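Q: Taken in sequence, the protein lines are chains S and Y.
Everything in the first sequence is counted per this note's numbering, starting at 323 for the first residue and increasing by one.
Everything in the second sequence is counted per this note's numbering, starting at -19 for the first residue and increasing by one.
Virtual Cβ for every residue (Gly too), placed ideally from N, Cα, C.
All figures in this text were calculated on a predicted structure; none of them were measured in a lab.
To start, I am sharing the structure in question, which I have written as structure tokens.
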Amino acid sequence: MSASATPSQRDASPPSRRSWGALALALPALVLLVVVIGYPLATIVLRSFAEPQWGLQNYGWFFSTPINLIVLQRTFAISAWVTVVCVICAYPFAYAMTAVGPKLGLLLTLCVLIPFWVSGVVRTLSWVILLQDSGVINSMLRSVGLDGVRLIRTQTGVVIGMAQVLLPFMVLPLYSVMKGIDLRLVQAARSLGAGPIRAFFTVYLPLSLPGIYAGAIIVFILALGFYITPALLGGPRSTMLSTLVQNQVLSLLQWGRGGAMGVVLLVATFVLLALAGPLMRQKHKQGTR
Amino acid sequence: MSETGKQRGAAIDLSAVSKAYGSFRALDDISLHIEAGEFMTLLGPSGSGKTTTLNVIAGFTEVSAGSLQVGGRSVVGMPAHKRNIGVVFQHYALFPHMTVGRNVAYPLSLRGVAKTEREARVKRALDMVRMADFAHRYPSELSGGQQQRVALARAIVFDPPLLLMDEPLGALDKKLREWLQLEIKRIHRELGTTFVYVTHDQEEALVLSDRIAVFNRGKIEQVGTGRDLYDAPETLFVGRFIGDSTVLRGQSRGDGSSTALDIAGETVTAPLKHAGRGQPVMLLRPEKLAIRRPGLGRNDGDNRLSGTISEAIYLGSGSKYEIRLRDGSTAIVRSPLTDESFTIGEAVELCFRGEDAKLVADDSAADTTLT
């Protein structure tokens, strides 16, 4: 990325275009975003205050019902775990993508993209096959004489399944940042006296942070709203908020309560983003030439 | 300072060093001794092995064969970060996520230098490159020349006995380059560190160096002071790479004490014996050649060749002429301003004294690698 642009490229930024012309290019997507996302969102917010009567009763209900708070907290906890697992798995993978030759690199890219082409339901069901008590993992454990572990209908199972589905969203931003990192900077660090591990932690890792931030935010936010995977892999003790919303809206027809839950999740997400924002901006400033 | 400094430099010994990439020999049996505190320039065209040599010394590239000693200690197999050698790169290689001050402090932090001493040494190093006011800036906020000066400060702040510079001024414009050359020369004098400097710019090499090693196709052609290389090139390649040269080729005759060349019907002689292998050619520096109008002031003992002026360039301090000789080759002559001037197309005679010519072995590869 920009972090490693050579000095000679510095002055090559294009002349600024007239902003209105550029805005016209964004119009189709803007319409989609405003109408298709904005209208239902506004409706949900409105109904969370308006149904069954005007007032804050839906929010009062949400915050006074312990199960809601437990599930909200769990939703954030599971999403955080998924993000951590994704970073740990994606970081070396993305690095490998930048380090291998073009042919192997293409193969690794395909490995990242193939899951995108398979329906999420199919992928989650394949996790059921792998994780269930008589599934592949437990059979293998038992065949080498170990006790089986309970994976299906546990939080661990949900985290594993969600991390697998979300991994590409971590790998791709990381890869795009990493392939722009000038490895000659690492060589310079070596010449200045840094061993390979020091050079990694003082130069390579800080320069790859924008990729970690970008990937982590995408994964975390997508994880907060996950529905299928926790529903199929999880049990009653790994229910996430989207399941509760679905329950309220589709089973109990409580649009107001479902809406309030959605709004709470949305606001909580915004608060988190606002907290992470300054950190990211700072890193960006430093990394920009 | 320079007295104590002189002892800080490390001597370098490369002995029979080779580096092969598959069948390509990037370095072919290189031997080179660099004195402690010396400013040695590795000069050559791209792909000649000069940068590979630098990388071998820095520890970025392992040798395929041969030995390498820095400060009397073999460093073969020693990883780069343990060699304690400063390196300045053409691409600056400043860490974009650190301020100038933290960039320069980096090698000191790695060595566990305490904070107060670290700050003092960072300041001293930045003072030396005249960048002390920029300690809180990020590299992206500096110009190329400023970045390179910071990179230099970072490479000397930990007092390495040896500083390697890989075309450090290659990306800068001419004016800045000339100024920084003098800065580098001053810093070398003040530090007493051994400097090994890679460049393809022969003028830069002449300005900076105590001695120059001329590289060509993975071998060292000649090592010597700038004057040695200019006045007494040992190979055709060196003669052509350092300064302008006129190369005279022809049918050779030797009689034990002198060598004569027949060039398209004209004969020139030099009181020299050709010692090398292969056909001898004569090398002449532009200021050793003179131009005369034909038939004027014949001076016996002078060599003369007829030709026509093909290019006349006014240089201010004098003039430079290119003369097409009868055999189709071109001679380059530089004459002082006071001399009469010649016009393009004019028939002239080219004169020189035989003892000003240098005899070297013909080497057709020397021509092709120059482009």
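1. From M262/Y to G172/Y, what does the alpha carbon distance come to, in whole angstroms?
2. Within the continuous beta strand (DSSP E) that includes N283/Y, where are the two ends?
3. Considering just the uninterrupted stretch of the beta strand (DSSP E) at H13/Y, what are its terminal residues?
4. Can you list the residues of chain Y that P528/S reaches, using a CB-CB cut of under 7 Å?
5. Answer with buried or exposed for Y1/Y, where buried requires no fewer than 16 other C-beta atoms within 10 angstroms of its C-beta.
6. Is it buried or exposed, K(-1)/Y, if we count other Cβ atoms within 10 angstroms and call 16 or more buried?
7. With a threshold of 8 Å, are at least 3 pairs of Cβ atoms found where one atom belongs to the segment 365 to 384 of chain S and the other to the segment 571 to 579 of chain S?
8. Give me the chain S residues within the contact set of P87/Y, using Cβ-Cβ distance strictly less than 7 Å, ordered along the chain.
9. Please confirm whether T328/S has its beta-carbon closer than 8 Å to some beta-carbon of chain Y.
10. For W449/S, tell me which candidate among G556/S, M500/S, L544/S, I503/S has the shortest Cα-Cα distance.
11. Measuring alpha carbon to alpha carbon, tell me which residue in M20/Y, R333/Y, T31/Y, K300/Y is nearest G206/Y.
12. To the nearest whole angstrom, what separates the beta carbons of L152/Y and Q128/Y, a pair I think is in contact under 8 Å?
13. Does DSSP classify S564/S as helix, strand or coil?
14. Does the CB of R506/S have a neighbour CB from chain Y at under 8 Å?
15. For L426/S and P495/S, what's the separation of their Cα atoms in angstroms?
16. Along chain S, in chain order, which residues have C-beta atoms closer than 9 Å to that of I271/Y?
17. Locate the beta strand (DSSP E) running through D107/Y, then write down its first and last residues.
18. Could you pull out every residue in the same chain whose Cβ sits closer than 7 Å to the Cβ of K103/Y, ignoring the five residues on either side in sequence?
19. Can you give, in chain order, each stretch of the beta strand (DSSP E) that sits fully within the segment 464 to 543 of chain S and has at least 3 residues?
20. Assuming I550/S is part of the alpha helix (DSSP H), what are its boundary residues?
21. Looking at the secondary structure, which residues open and close the beta strand (DSSP E) in which K(-1)/Y lies?
22. List, in chain order, every chain S residue whose beta-carbon is nearer than 8 Å to that of R134/Y.
23. What is the residue span of the beta strand (DSSP E) that D211/Y lies within?
24. I believe G515/S touches H61/Y by the beta-carbon criterion, under 8 Å. Please report the beta-carbon distance rounded to the nearest angstrom.
25. Please confirm if the segment 14 to 32 of chain Y is in contact with the segment 180 to 191 of chain Y, defined as three or more CB-CB distances below 8 Å between the two stretches.
26. Under 8 Å, Cβ to Cβ, is there at least one residue of chain Y near P600/S?
27. Using a Cβ-Cβ cutoff of less than 7 Å, which residues in the same chain neighbour T478/S once the five nearest sequence positions on both sides are dropped?
28. Taking all protein chains shown into account, do 16 or more other C-beta atoms lie within 10 angstroms of the C-beta of P490/S, making it buried, or fewer, making it exposed?
29. Listed from N- to C-terminal order along the chain, which residues in the segment 520 to 551 of chain S have their beta-carbon within a distance smaller than 7 Å of any beta-carbon of chain Y?
30. For L149/Y, name the three-state secondary structure that DSSP assigns.
31. With DSSP as the reference, please indicate the residues paired to Q49/Y in a beta bridge.
32. On the criterion of 16 or more Cβ atoms from any shown chain inside 10 Å, does T31/Y qualify as buried, or is it exposed?
33. Assuming contact is defined by CB atoms lying nearer than 8 Å, are L106/Y and V84/Y in contact in what I supplied?
34. Is A510/S close to chain Y? Criterion is C-beta to C-beta, closer than 8 Å.
35. Is it the case that the Cβ atoms of I200/Y and I(-8)/Y are separated by a distance below 8 Å?
36. So, does the CB of F69/Y fall closer than 8 Å to a CB anywhere in chain S?
A: Put simply:
1. On the second sequence, position 282 is the one that residue 262/Y refers to. On the second sequence, position 192 is the one that residue 172/Y refers to. For M262/Y and G172/Y, the distance between alpha carbons rounds to 40 Å.
2. As a first step, residue 283/Y is located in the second sequence; it is residue number 303 there, counting from the start. Start and end: 283 to 294.
3. Numbered from 1 along the second sequence, position 33 holds the residue referred to as residue 13/Y. Element bounds for H13/Y: 4 to 14.
4. In the first sequence, counting from the first residue as 1, residue 528/S sits at position 206. Near P528/S (Cβ distances below 7 Å), the residues of chain Y are H77.
5. As a first step, residue 1/Y must be located in the second sequence, where it is residue number 21. Classification for Y1/Y: exposed.
6. Against the second sequence, residue -1/Y aligns to sequence position 19. K(-1)/Y is classed as buried because its beta carbon has at least 16 other beta carbons within 10 Å across all chains shown.
7. Three or more pairs of CB atoms, one per stretch, sit closer than 8 Å, so the segment 365 to 384 of chain S contacts the segment 571 to 579 of chain S.
8. The residue labelled residue 87/Y in the question sits at position 107 within the second sequence. The contacting residues are L514, G515.
9. As a working note, residue 328/S is residue 6 in the first sequence. Note that T328/S scores 44 on pLDDT, short of 50, meaning its location in the model is unreliable; the coordinates nonetheless yield the value given after this. T328/S counts as touching chain Y.
10. The residue labelled residue 449/S in the question sits at position 127 within the first sequence. Of G556/S, M500/S, L544/S, I503/S, the residue nearest in Cα terms is G556/S.
11. Numbered from its first residue, the second sequence carries residue 206/Y at position 226. Of M20/Y, R333/Y, T31/Y, K300/Y, the residue nearest in Cα terms is M20/Y.
12. The residue given as residue 152/Y occupies position 172 in the second sequence. The residue given as residue 128/Y occupies position 148 in the second sequence. Cβ-Cβ separation between L152/Y and Q128/Y: approximately 7 Å, consistent with a contact (criterion under 8 Å).
13. Taking the first sequence and counting its residues from 1, one reaches residue 564/S at position 242. For S564/S, the three-state secondary structure derived from DSSP is helix.
14. As a first step, residue 506/S is located in the first sequence; it is residue number 184 there, counting from the start. R506/S belongs to the set of residues whose beta carbon lies under 8 Å from a beta carbon in chain Y.
15. By 1-based counting over the first sequence, the position of residue 426/S is 104. By 1-based counting over the first sequence, the position of residue 495/S is 173. Rounded to the nearest angstrom, the two C-alpha atoms are 19 Å apart.
16. The residue given as residue 271/Y occupies position 291 in the second sequence. Chain S residues near I271/Y: none, gap ~43 Å exceeds 9 Å.
17. Residue 107/Y sits at position 127 when you count from the first residue of the second sequence. For D107/Y, there is no enclosing beta strand (DSSP E); the residue is part of the alpha helix (DSSP H) that begins and ends at 95 to 108.
18. For this step, residue 103/Y is matched to residue 123 along the second sequence. Here K103/Y has A112 as same chain residues with Cβ atoms under 7 Å from its own Cβ, once five neighbours each way along the sequence are excluded.
19. Runs of the beta strand (DSSP E) lying entirely within the segment 464 to 543 of chain S and spanning at least 3 residues: none are present.
20. As a working note, residue 550/S is residue 228 in the first sequence. Per DSSP, I550/S belongs to the alpha helix (DSSP H) from 550 to 555.
21. Numbered from 1 along the second sequence, position 19 holds the residue referred to as residue -1/Y. Element bounds for K(-1)/Y: -8 to 1.
22. Locating residue 134/Y in the second sequence gives position 154, where the first residue counts as 1. The answer, in chain order, is L514.
23. Counting from one through the second sequence, the residue named residue 211/Y turns up at place 231. Unbroken run through D211/Y is the alpha helix (DSSP H), 206 to 211; no beta strand (DSSP E).
24. As a first step, residue 515/S is located in the first sequence; it is residue number 193 there, counting from the start. As a first step, residue 61/Y is located in the second sequence; it is residue number 81 there, counting from the start. So it is a contact: roughly 5 Å between Cβ atoms.
25. With the cut-off at 8 Å, the segment 14 to 32 of chain Y and the segment 180 to 191 of chain Y touch.
26. Position 278 of the first sequence, counted from the first residue, corresponds to residue 600/S. With 8 Å as the cut-off, P600/S does not count as an interface residue toward chain Y.
27. Working through the first sequence from its first residue, we reach residue 478/S at position 156. Spatial neighbours of T478/S in its own chain (CB-CB distance under 7 Å, excluding positions within 5 residues in sequence) are not present.
28. Taking the first residue of the first sequence as 1, we reach residue 490/S at position 168. P490/S should be labelled buried.
29. Of all residues in the segment 520 to 551 of chain S, R520, V525, P528, L529 have a Cβ within less than 7 Å of some Cβ in chain Y.
30. Here residue 149/Y is taken as the residue at index 169 of the second sequence, counted from 1. Note: L149/Y maps to coil in three-state DSSP.
31. For the purposes of this step, residue 49/Y is taken as residue 69 along the second sequence, with counting starting at 1. Partner(s): D(-7)/Y, S54/Y.
32. Counting from 1 along the second sequence, the entry for residue 31/Y is found at position 51. Buried, since its Cβ has 16 or more Cβ neighbours within 10 Å.
33. On the second sequence, residue 106/Y is found 126 positions in, with the first residue counted as 1. On the second sequence, residue 84/Y is found 104 positions in, with the first residue counted as 1. Yes, the pair counts as a contact, with Cβ atoms nearer than the cut-off.
34. Residue mapping note: residue 510/S aligns to position 188 of the first sequence, counting from 1. Yes, its Cβ sits closer than 8 Å to a Cβ of chain Y.
35. Stepping through the second sequence from its first residue, residue 200/Y is reached at position 220. Stepping through the second sequence from its first residue, residue -8/Y is reached at position 12. Between I200/Y and I(-8)/Y, the gap from beta carbon to beta carbon reaches 8 Å or more.
36. Translated into the one-based positions of the second sequence, residue 69/Y becomes position 89. For F69/Y, the answer is yes, since a Cβ of chain S falls inside 8 Å of its Cβ.
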